[in-house]
Amino acid sequence: MPPEWLTNVLLVDTWPAVWLALFGLLAQAVFMCRFLVQWMASEKAHRSVIPIQFWWLSIIGASMLLLYGFLRQDVVIILGQAFGFIVYARNLWFRHNEAREDNPPI
Numbered sequence: 001m002p003p004e005w006l007t008n009v010l011l012v013d014t015w016p017a018v019w020l021a022l023f024g025l026l027a028q029a030v031f032m033c034r035f036l037v038q039w040m041a042s043e044k045a046h047r048s049v050i051p052i053q054f055w056w057l058s059i060i061g062a063s064m065l066l067l068y069g070f071l072r073q074d075v076v077i078i079l080g081q082a083f084g085f086i087v088y089a090r091n092l093w094f095r096h097n098e099a100r101e102d103n104p105p106i
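Take the sequence shown: its position 104, counting from 1, is numbered 104 in full-length UniProt numbering, and each next residue is one higher.
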């Protein structure tokens, strides 16, 4: 049984549920870090920019949150992250194609 303070904070009462909640918090932290990356890149450029790291953190965080949603069987989380996952993957594909166009094979 997890310590009482932990069960009160996470609102769970078993160790598997504690680990799942901690995984969900980590997933959300990864997802939120993308905004810090975007903010720092924009400050450095003195204009609004979205660096490639933003899209990678987006897709990693969304993947983790999707897994969390499936493990919790939470349709709200699943649907909320699934659409974003598609958008993030598409933006990474655009970036990949841009890089190929800028560096054609010899």
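Yeah, the Cβ is synthetic: ideal placement off N, Cα and C, and Gly gets one too.
Straight through space, the alpha carbons of residue 17 and residue 3 are spaced by roughly 13 Å. Sequence-distant partners of residue 34 (beyond 5 residues in either direction) whose C-beta falls short of 6 Å from its own C-beta, in its chain, are 54, 57, 58. One alpha carbon belongs to residue 85, the other to residue 42, and they sit about 23 Å apart. Between residue 31 and residue 38, the alpha-carbon positions lie close to 12 Å from each other. Residue 12 and residue 5 have their alpha carbons spaced roughly 11 Å apart. Excluding its 5 nearest sequence neighbours in each direction, residue 78 has C-beta neighbours in its own chain below 7 Å: 66, 69, 70, listed in chain order.
Annotation for residue 12: no alpha helix (DSSP H) segment contains it, and DSSP assigns it neither H nor E.
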